[in-house]
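Novice:
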Amino acid sequence: MPSNAGMGNALSVRAVVRRILLSIFVLSLFGGVSGFYLLLRNEAMGNAEQEARILMAYALAVGNYTETHIMPKLASTHGNEFPEEMVPFYSSRTVFRGVTGKAREYTFRQPTINPTSPEDGPTPFEMEVIRRFRENPTLVEATGVENTEQGELFYFAQPVKVQDQDCLTCHSTPDRAPPAIVAKYGPSRGFGWQLGEIVGAQVLTVPLTEQLRGVAGLVGVLAAGLLVVFAVAYFSLSAALEANIIRPFSALAR
């Protein structure tokens, strides 16, 4: 008959071996799933940033074209009138909305601290972005994730800085601005800007929720697959150790 000490040692070895195997498999599962998730999330963020940069380039190209070709012609033909179509950002935003359609997650805004149009007033989130640019004048862009009612949005932002005197024609004092602007928006909106001052930000957002949902789905499939593989490996190794190590050890202990 096997001694009590021998049986106790066998049970102890069996428990230790199983705990070691289980610990290895749990840590491997956690590490594999976490690493895969971070890899896919970073890829989703990179894709969103690339899309945002392309859309920003298109929007700014429309604004530059308006400033270079449309504004001079409209200014010379409309006299004291001030059609919004001659404003570079107005053109950029209008074309951007036409391209993105009803996809509300895609936005392009140019909020400023003291905007001419109430529509360009900053949200609390946009105000925080503007504050970052004002506190760090050398910062040329900012990226990140914004949580909204529409889900997670990737944002790409650039500072709006008063670069030349032409901007101050409309934004320094009401008496210098075109009368049509003062008549439409009043004498207190969009004035007081200074040369070299960062007055706002161009903020473009693209949807991120669907991409992250796809990442979560892939990670879930991977986790399930690894769990099955690890379970099979665990029971197989446990059986092999039982047959080749634990039982022979128990026999020697008799």
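Just so we're aligned, residue 616 is where the sequence shown starts under the working numbering, counting upward by one. By construction, the Cβ of each residue, glycine as well, lies at the ideal position given by its N, Cα and C atoms.
Going by DSSP, what residue range makes up the alpha helix (DSSP H) through residue 778?
Specialist: Residue 778 -> no alpha helix (DSSP H), and no H or E assigned at all.
Novice: Just to confirm, is the Cβ distance from residue 674 to residue 745 under 7 Å?
Specialist: No, the Cβ-Cβ distance between residue 674 and residue 745 is not below 7 Å.
Novice: The alpha helix (DSSP H) that contains residue 852, what's its start and end?
Specialist: That run of the alpha helix (DSSP H) goes 824-856.
Novice: By the DSSP assignment, the alpha helix (DSSP H) with residue 715 in it spans what residues?
Specialist: Element bounds for residue 715: 703-715.
Novice: With distances taken between CB atoms, is the gap from residue 731 to residue 800 smaller than 7 Å?
Specialist: Yes, Cβ-Cβ distance for residue 731 and residue 800 is below 7 Å.
Novice: Go ahead and pull the three-state DSSP assignment for residue 792.
Specialist: In this structure, residue 792 counts as coil in the three-state DSSP scheme.
Novice: For residue 697, does the three-state DSSP call read helix, strand or coil?
Specialist: Coil, per DSSP.
Novice: How about residue 768 and residue 670: do their beta carbons lie closer than 7 Å?
Specialist: No, Cβ-Cβ distance for residue 768 and residue 670 is not below 7 Å.
Novice: Name the residue from 787, 736, 822 whose alpha carbon lies nearest to the alpha carbon of residue 764.
Specialist: Out of 787, 736, 822, 822 has the C-alpha closest to the C-alpha of residue 764.
Novice: What is the DSSP secondary structure of residue 634, counted as helix, strand or coil?
Specialist: If DSSP states are grouped into helix, strand and coil, residue 634 belongs with the helices.
Novice: Going by Cα to Cα distance, which pick from 845, 688, 740 is closest to residue 771?
Specialist: Closest option to residue 771, Cα to Cα, is 740.
Novice: Is it buried or exposed for residue 813, if we count other Cβ within 10 angstroms and need 16 for buried?
Specialist: Flag for residue 813 reads buried.
Novice: Output yes or no for whether 7 Å exceeds the beta carbon distance between residue 756 and residue 773.
Specialist: Going by C-beta atoms, residue 756 is nearer than 7 Å to residue 773.
Novice: Using a Cβ-Cβ cut-off of 8 Å (strictly less than) and excluding sequence neighbours within five positions of residue 852, which residues of its own chain qualify?
Specialist: Cβ neighbours of residue 852 beyond the five flanking positions: 636.
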